[in-house]
Amino acid sequence: MLKSIMQRSDIRKIYKKYISVKQLDRTKWNEKFFFNIFLNKNIFFLSSYRSSHGYLIFRKILDEYEILALATNIKNFRKGIASKLLKRLIEKAKKEDINKVFLEVSENNIAAIKLYLKMGFCKLGCRKNYYKTPEGFQNAFIMVLKI
Ligand SMILES: CC(C)(COP(=O)(O)OP(=O)(O)OC[C@H]1O[C@@H](n2cnc3c(N)ncnc32)[C@H](O)[C@@H]1OP(=O)(O)O)[C@@H](O)C(=O)NCCC(=O)NCCS
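Quick look at the structure:
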C-alpha cells in the first residue's frame with residue numbers, strides 16, 4: 194500500500210499496520226510522534242505484502258526521496274522483505290522522475306548498511322553523534338542512491 198496521508202482516520206489505519214510489525218521497542222516511534230509525522234504532506238507509508246512483516250516510511254522533497262524508517266518484523270528477518278520494500282520504492286522513484294534517494298543510518302547498524310550497499314546505495318558522508326542511545330551517542334552515515 195502506498196498512500197499520502199491527510200485524514201486522521203487514515204493515519205489510525207496506517208498506525209495499526211505500523212504497530213503490527215514487531216521490532217525492538219527503542220526503534221519504534223510512539224503514537225504521538227507517528228501522528229505528527231503523518232500530518233505533514235508528502236509522507237508515505239509502504240507496507241510489505243503482509244502488512245505485519247515490514248514497512249518503509251519516506252518523504253518526497255522536490256525530486257528526492259528520504260527514507261525515514263524501514264523495518265522488518267523480527268520474526269521475518271533475512272527473508273528479503275526489506276529488499277522488496279526498497280525495490281518498490283526505487284520503481285516508484287523511477288516513475289516519478291526522482292533523482293536521488295537519501296537516508297541516515299547508524300554506523301553501528303551493520304545489517305542495514307549491508308542491505309543498503311547491496312541495493313546500490315553509497316556512503317555520502319557522516320553526521321557525528323547523530324543518534325542518542327542508552328549506550329551513548331552514535332554517528333550516522335548519510336547514504337544515497339542515484340536513480
Ligand atoms: C535492516 C533490516 C531492515 C533488514 O531487513 P531484512 O528484511 O531482514 O533484510 P533482507 O532479508 O532484505 O536482507 C537483504 C540483505 O541485507 C543484508 N542483511 C540483512 N540483515 C543482515 C544481518 N543481520 N547481517 C548482515 N547482513 C544483513 C544482507 O546483505 C542481505 O542479503 P542476504 O540475506 O542475501 O545476505 C532489519 O534487520 C531490521 O528491521 N532492523 C531493525 C530496524 C533497522 O535497523 N532499520 C534500518 C534503519 S536505517
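Counting from 194, one number per residue, gives the positions in the sequence shown under our numbering.
All residues carry an ideal CB built from backbone N, CA and C; glycine is no exception.
Every value quoted in this text rests on a predicted model; they were computed, and no experiment measured them.
- The secondary-structure analysis by DSSP pairs Ala305 with nothing; it has no beta-bridge partner.
- For Val294 against Ala333, the beta-carbon gap comes to about 16 Å, at or over 8 Å, which does not count as contact.
- Remark: C-beta atoms of Leu261 and Ala275 do not approach each other more closely than 8 Å.
- Taking all protein chains shown into account, Thr220 has fewer than 16 neighbouring C-beta atoms within 10 Å of its C-beta and is therefore exposed.
- Apart from sequence neighbours up to five positions away, the residues of its chain that approach Lys268 with a beta-carbon distance below 8 Å are Lys215, ordered along the chain.
- By the Cβ-count criterion, Gly329 is exposed, with fewer than 16 other Cβ atoms from all chains shown falling within 10 Å of its own Cβ.
- About 5 Å separates the Cβ atoms of Ile207 and Phe238, confirming a contact at the 8 Å cut-off.
- Residues of the same chain with a CB within less than 6 Å of the CB of Arg320, apart from the 5 flanking positions on each side, are Ala333 in chain order.
- When the Cα atoms are used, Lys225 and Lys307 turn out to be separated by approximately 31 Å.
- Secondary structure at Ser244: coil, using DSSP grouped into helix, strand and coil.
- The beta carbon of Leu296 sits closer than 7 Å to at least one heavy atom of ligand 1.
- Phe251 sits buried, since 16 or more C-beta atoms from the chains shown fall within 10 Å of its C-beta.
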